[in-house]
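Okay, so here's the structure we're looking at.
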Amino acid sequence: MSDLPTPIPAELARLRGSIDNIDAALVYLLAERFKATQQVGVLKANSGLPPSDPAREEQQVARLRELAHTAELDPVFAEKFLAFIVEEVIRHHEAIAQGRPPLG
Numbered sequence: 001m002s003d004l005p006t007p008i009p010a011e012l013a014r015l016r017g018s019i020d021n022i023d024a025a026l027v028y029l030l031a032e033r034f035k036a037t038q039q040v041g042v043l044k045a046n047s048g049l050p051p052s053d054p055a056r057e058e059q060q061v062a063r064l065r066e067l068a069h070t071a072e073l074d075p076v077f078a079e080k081f082l083a084f085i086v087e088e089v090i091r092h093h094e095a096i097a098q099g100r101p102p103l104g
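The letter at position 78 of the sequence shown is residue 78 when you use full-length UniProt numbering, and the numbering goes up by one with no holes.
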């Protein structure tokens with residue numbers, strides 16, 4: 001038996017490269033999103049507003065579910081993804097309101 005790796009089909013390598021590019025874009029998009037939400041956290045803290053805005057969150061869930069449907073993405077997955085992000089944003093906003101660094 002040979003210990004040489006099995007060659008990867010060109011189509012698989014191409015698709016993996018595309019997935020890697022998308023993953024990189026997602027990381028940068030999330031970084032930009034969190035930069036914006038941290039600014040929101042500062043504005044909320046300075047205005048005495050609560051870290052969480054349930055009405056806004058509800059609107060965003062409905063909007064994201066519709067976008068997911070249009071994009072042929074499972075709306076339940078999209079909602080779970082948004083819930084994960086919103087939970088982290090609220091944690092950051094709470095830290096900002098308490099004068100702590102939001103990351104870490």
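Ideal Cβ placement from N, Cα and C applies to all residues, glycine included.
Through-space distance from residue j to residue i, alpha-carbon basis
i, j, result
"GLN38", "GLU11", "40 Å"
"HIS69", "VAL27", "23 Å"
"LEU64", "VAL42", "25 Å"
"GLY99", "PHE77", "33 Å"
"LEU15", "PRO102", "36 Å"
"ARG33", "GLY17", "24 Å"
"ALA31", "GLU94", "19 Å"
Residue i and residue j closer than 8 Å at C-beta
i, j, result
"ALA45", "ALA97", "yes"
"GLU57", "VAL86", "yes"
"ILE90", "SER52", "yes"
Segment limits, alpha helix (DSSP H) that includes residue i
i, result
"SER47", "10-47"
"PRO101", "Per DSSP, PRO101 belongs to no alpha helix (DSSP H) and is neither H nor E."
Residue i (DSSP reduced to helix, strand or coil)
i, result
"THR70", "helix"
"LEU4", "coil"
Heavy atom of the ligand ZN within 7 Å of residue i beta-carbon
i, result
"PRO54", "With respect to the ligand ZN, the structure shown offers nothing to examine, as it has no ligands at all."
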